[in-house]
Each structure stands twice: as C-alpha cells, then as structure tokens.
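Undergrad: Please read through the structure below; I'll follow up with questions.
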Amino acid sequence: MTAKTWGVSIMDFELKGKKAIVSAGGSGIGRSIVDEFINQGVSVSTCDIDAGLIEEIQIKYPEIHAEVVDVGDEKTVKEFCLKSIDALGGVDCLVNNAGVAGPTLPIEEIGSEDWANCLNICLNSQFYFIKSCLKYLRKSSSPSIVNLSSAAGQYGFALRTPYASAKWGVIGLTKSLSIELGKDKIRVNAILPGLVAGDRQNNVLRNKAQRLGKSFSEVEEEAFSFTSIKEYVDAQD
Numbered sequence: 007m008t009a010k011t012w013g014v015s016i017m018d019f020e021l022k023g024k025k026a027i028v029s030a031g032g033s034g035i036g037r038s039i040v041d042e043f044i045n046q047g048v049s050v051s052t053c054d055i056d057a058g059l060i061e062e063i064q065i066k067y068p069e070i071h072a073e074v075v076d077v078g079d080e081k082t083v084k085e086f087c088l089k090s091i092d093a094l095g096g097v098d099c100l101v102n103n104a105g106v107a108g109p110t111l112p113i114e115e116i117g118s119e120d121w122a123n124c125l126n127i128c129l130n131s132q133f134y135f136i137k138s139c140l141k142y143l144r145k146s147s148s149p150s151i152v153n154l155s156s157a158a159g160q161y162g163f164a165l166r167t168p169y170a171s172a173k174w175g176v177i178g179l180t181k182s183l184s185i186e187l188g189k190d191k192i193r194v195n196a197i198l199p200g201l202v203a204g205d206r207q208n209n210v211l212r213n214k215a216q217r218l219g220k221s222f223s224e225v226e227e228e229a230f231s232f233t234s235i236k237e238y239v240d241a242q243d
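This note's numbering numbers the first residue of the sequence shown as 7 and each following residue consecutively.
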C-alpha cells in the first residue's frame, strides 16, 4: 500500500499509533506531511511562524498539538519540543521541514543579516530540533529523523548562495548523524525536493527572471528541467 504526500509515493510503514513532530507544518510540504501523517493514524505536533495557518490546522484537526514558533530561536524550539513530547506522550519521528528562500542576489549584494537568517532557519533550526528531541527519540522503539534538504543541496544554484549553502549543510548534518546515531538505531535521512509549487517558489523564480532579464516562464521551464533529480539521500550516498 502506498500513500501520496508531496508528489512522491511512499510506502505505508504501519505508521498508526506513531508520534511525530513536524516543523513548519502550516503550508507546502510541511502541511502535506501533517495531512498524510494524520491520515495514517499518526499523533502529530506541528508549528509554524504564521498564526493564521496554525489556526487553520487546529480547526481542521482539533486533536493536533500546534503552536506558533520561531524556529530560529533555540530556546523557543526547545520549549515547543518539550511541550510536544508531553502532549504526545513521546516522539518516534522528527521531521525538520522549516526553511526560507533567502535572497535571490549576486553574492556581493547579499547582506550579512540576510545570509545569517537563511542559514539559521534552513540549517540551525534542524540542529535545535534534533538536540531538543534526541533524548526522547532514544526511548522510541523505532526512532527516525527526516531532514528536508533540496536539489540545491547537491547541485547549487546561482543567485541562491545562502539557501544552497544551508541545504548543503543539511546533507552534512544528515550524513554525520546517520553515522553517529546508528548505535542508537535512530534512522537519519534527508529528502531533496526539486521545485514545489507555491508562493515562495514563484517569488524566487520571479526575482531570478528579473535579475537575468528573462521571462518568468523561461526561468520556470529551465528550473523544472534541471530538477528532475534524486529526491532522497542517506549515509550510503
């Protein structure tokens, strides 16, 4: 039996009764993961920076634990994880989904603050969540960590240097932890999506088209033709 999430077919691994924490579950890939987990009988806790999206989730799924959280703040992430674990009664799976597009600019035009913010949300937040949940994941009979990287995490993208750098960092984090945590039988893997339809991706393509003097449709076609690539990585790659 298979289940559909963000356009990728995944196996149903008897998820019913599992407990999962999903960062940035209010929209896009994160929301698809939340929806599918709940459909599969998983108890879910999620967060998002957008209060409106959290309210939507709470209305649709009254049983869910959901909060507004700034994933770039380590203290706030730790507090959220502890409350989530208390609400769920433990945790079996952590999905690190939070991310931002970052600036679409030549390297010399990127401000230090924009650079730091992109790496903090896309990479540091994963460190914060893992560090906060690890003690409790070790208590699970089938623990796993799934980190969202990107096609940019293997190939790089011009004008997207902060984002690509962060996503390459996610690959390093994933590979290192898959080795380090193997003794604890904690599976650590990364997913590398290509383009995902949504406002964030449209803004990125629009900005890139403007910088390159091309039409939106030209840049979109180039991007989609480039990203028919591997969507998953583990310690063996």
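Just so it is clear, CB atoms sit at the ideal spot from N, CA and C, and this is done for glycine as well. Just so you know, these numbers come straight off a predicted model, no measurement behind them.
1) At what residues does the beta strand (DSSP E) containing Ile39 begin and finish?
2) Quick one, which of Ser156, Ile44, Ile91, Asp79 has its alpha-carbon nearest Leu21's?
3) By alpha-carbon positions, which one of Ala196, Ala170, Ile39, Val97 ends up nearest to Lys141?
4) Any Cβ of chain C within less than 7 Å of the Cβ of Gly58?
5) For the alpha helix (DSSP H) holding Leu59, just list the boundary residues, first then last.
6) Could you have a look at Ile116 and say whether DSSP puts it in helix, strand or coil?
7) Given this structure, state the Cα-to-Cα distance separating Asp190 from Arg144, to the nearest angstrom.
8) Going along the chain, which residues of its own chain have a beta-carbon closer than 6 Å to the beta-carbon of Lys25, five neighbours each way excluded?
9) Near Val40, which residues of its chain fall below 6 Å by C-beta distance, leaving aside the five closest residues on each side in sequence?
10) Taking buried to mean at least 16 other C-beta atoms within 10 Å of its own C-beta, is Ala172 buried or exposed?
11) Can you tell me where the beta strand (DSSP E) with Cys53 in it begins and where it stops?
12) Under a Cβ-count criterion, where at least 16 other Cβ atoms within 10 Å of its own Cβ denotes burial, should Ala170 be classed as buried or exposed?
13) Please state whether DSSP places Glu20 in a helix, a strand or coil.
TA: Looking at the coordinates:
1) Per DSSP, Ile39 belongs to no beta strand (DSSP E); it is in the alpha helix (DSSP H), 34-45.
2) Ile44
3) Val97
4) Among the protein chains of the structure shown there is no chain C, as only one such chain exists.
5) 57-66
6) coil
7) 7 Å
8) Ser49, Leu94, Gly96, Val97, Asp98
9) Val28, Gly31, Val50, Thr52
10) buried
11) 49-54
12) buried
13) coil
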